[in-house]
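**Student:** Attaching a single structure in structure tokens format; questions to follow.
Number of protein chains: 2
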Amino acid sequence: MIELDFRSHIPIYAQIVERIKHLIATEVIQSGDQLPTVRQLASELQVNFNTIARAYRMLDEAGVLSTQQGRGTYVLEPLLPQRAERLRESALEELTRSFLDEAARMGFTPDDVERVQAVLIKKRRSPSARDDG
Amino acid sequence: MIELDFRSHIPIYAQIVERIKHLIATEVIQSGDQLPTVRQLASELQVNFNTIARAYRMLDEAGVLSTQQGRGTYVLEPLLPQRAERLRESALEELTRSFLDEAARMGFTPDDVERVQAVLIKKRRSPSARDDG
DNA sequence: TGTCTCTTTGTAGCATTGTCTCATTGTACC
DNA sequence: GGTACAATGAGACAATGCTACAAAGAGACA
């Protein structure tokens, strides 16, 4: 359900936060659902359970999850539309920021990014164009 | 395993880079192997751990190693230089593609992405601009 | 019903890992 | 001599992992 990129220099806990936000945004997991325990998910992803705990804690502080010692971790009610929209916007910003960081780390300039991206977006807008890369 | 020539005018970090490349080329160390920690190797070679870190970072950027903060440093699959360049470009494509997918799944249009991204890139180009959210 | 014990949950503190920023050293050039 | 730059070193920092811990639930039993 969640995949990590250990080669990326985006911290593991940050990747997990993003993935979970995404799973909730796409309603793969929903309000009230229990998430895997820190140890379960840690074992599954081959990382330390404290790294999972850190991600859960950040999402807890962000009002997305509720972590309860001895009980587990649960998805909270969806936020009010207003707040949800703000969260959505900030999620996009964070996602974009990570993306730009990673590209920069790989030695690409913003121009490179915009160039490649423009092509890809164009393709998406005209689905007839085949991607025979 | 690695020996240095302190009298040589070749920088230490460069010597280390070469030695490690050689060790990988001769398969003394192989894909997936963990390298000594920066401090271990630094102690062994009697140099500062930052010098080792520098060598590791260069090899990371060259796609030879994967350095992971808090975890360690690992040998990656070897790549032919030719392939590496092609791979570099397609890696950016792949990164961009998954970024756009992710944004799309979150319900954002390419326009949304371009709008947010343009702002972020602009900020990066003029770091003086304050981020007053 | 109460409580005891064991298991399962998340938490906290510290050790280990690589990273960052700045200071120091040595060398090349003017 | 003075300046600029690269190489190295020192210390603080951030990310991850290990160990011990505390809180909550499940079952046994008086």
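So the sequences go chain by chain: E and F. Residue numbering for the first sequence follows this note's numbering, starting at 252 and increasing by one per position. Residue numbering for the second sequence follows this note's numbering, starting at 252 and increasing by one per position. Idealized CB from N, CA, C, for every residue including glycine. Model, not experiment: these values are computed from the prediction.
Answer yes or no: do Thr-324 of chain E and Tyr-307 of chain E have a C-beta to C-beta separation smaller than 7 Å?
**Tutor:** Yes.
**Student:** Could you check if Thr-302 of chain E is buried or exposed, using at least 16 other CB atoms within 10 Å of its CB as the buried criterion?
**Tutor:** Flag for Thr-302 of chain E reads buried.
**Student:** Cβ closer than 8 Å: which chain F residues qualify as neighbours of Leu-351 of chain E?
**Tutor:** The answer, in chain order, is Gln-368, Leu-371, Ile-372, Arg-375.
**Student:** Could you tell me which residues DSSP puts in a beta bridge with Gly-314 of chain F?
**Tutor:** Bridge partners of Gly-314 of chain F: none, in fact.
**Student:** Roughly how many angstroms lie between the CA atoms of Met-357 of chain F and Phe-300 of chain F, to the nearest whole one?
**Tutor:** Their backbone Cα atoms lie some 43 Å apart in a straight line.
**Student:** Just reading off the alpha helix (DSSP H) that Val-370 of chain E is part of, what are its end residues?
**Tutor:** Per DSSP, Val-370 of chain E belongs to the alpha helix (DSSP H) from 361 to 376.
**Student:** Pop quiz: Phe-257 of chain E and Gln-319 of chain F are said to be a contact at Cβ under 8 Å. What is the actual Cβ separation, rounded to whole angstroms?
**Tutor:** The Cβ separation is near 6 Å, so the contact holds.
**Student:** In the DSSP assignment, what residue or residues form a beta bridge with Gln-285 of chain E?
**Tutor:** Answer is E:Tyr-325.
**Student:** What residues from the segment 299 to 320 of chain F come within 9 Å of chain E, judged by C-beta to C-beta, listed N to C?
**Tutor:** Within the segment 299 to 320 of chain F, the residues whose Cβ lies closer than 9 Å to some Cβ of chain E are Asp-311, Glu-312, Ser-317, Thr-318, Gln-319, Gln-320, listed in chain order.
**Student:** Residues in its own chain within less than 8 Å of Asp-383 of chain F by CB, not counting five upstream and five downstream?
**Tutor:** Because the pLDDT of Asp-383 of chain F is 40, which lies under 50, any placement of that residue in the model is unreliable, and the question is left without a value.
**Student:** Looking at Ile-263 of chain F: is its Cβ nearer than 7 Å to the Cβ of Val-315 of chain F?
**Tutor:** Not a contact, by the Cβ cut-off of 7 Å.
**Student:** Note down, in chain order, every chain E residue with its Cβ under 7 Å from the Cβ of Glu-345 of chain F.
**Tutor:** Going along chain E, no residue has its Cβ under 7 Å from Glu-345 of chain F, so there is no contact; the nearest lies around 10 Å.
**Student:** Roughly how many whole angstroms lie between the Cα atoms of Ile-275 of chain E and Arg-339 of chain F?
**Tutor:** Going from the Cα of Ile-275 of chain E to the Cα of Arg-339 of chain F covers about 32 Å.
**Student:** I need the boundaries of the alpha helix (DSSP H) containing Gln-266 of chain E, first residue and last residue.
**Tutor:** That run of the alpha helix (DSSP H) goes 263 to 276.
**Student:** List the whole-angstrom C-beta distance separating Leu-371 of chain E from Thr-347 of chain F, where the pair is believed to meet the contact cut-off of C-beta under 8 Å.
**Tutor:** Contact flag correct, Cβ pair sits at about 6 Å.
**Student:** So, helix, strand or coil for Gln-291 of chain E, using DSSP?
**Tutor:** If DSSP states are grouped into helix, strand and coil, Gln-291 of chain E belongs with the helices.
**Student:** Tell me Gln-319 of chain E's beta-bridge partners as DSSP assigns them.
**Tutor:** Its beta-bridge partners are E:Gly-323.
**Student:** Tell me which same chain residues have a C-beta within less than 6 Å of the C-beta of Leu-292 of chain E, skipping the five on either side of it?
**Tutor:** The answer, listed in chain order, is Ile-303.
**Student:** Exposed or buried, Ala-380 of chain F, counting other C-beta atoms within 10 Å across all chains shown (16 or more means buried)?
**Tutor:** Caution is warranted here: a pLDDT of 41 is assigned to Ala-380 of chain F, below 50, making its placement in the model unreliable, and no coordinate value can be reported.
**Student:** Show which residues of chain E have a CB atom less than 7 Å away from the CB atom of Met-252 of chain F.
**Tutor:** Chain E residues near Met-252 of chain F: none, gap ~24 Å exceeds 7 Å.
**Student:** By DSSP, does Met-309 of chain F sit in helix, in strand, or in coil?
**Tutor:** Of the three classes helix, strand and coil, the one that applies to Met-309 of chain F here is helix, per DSSP.
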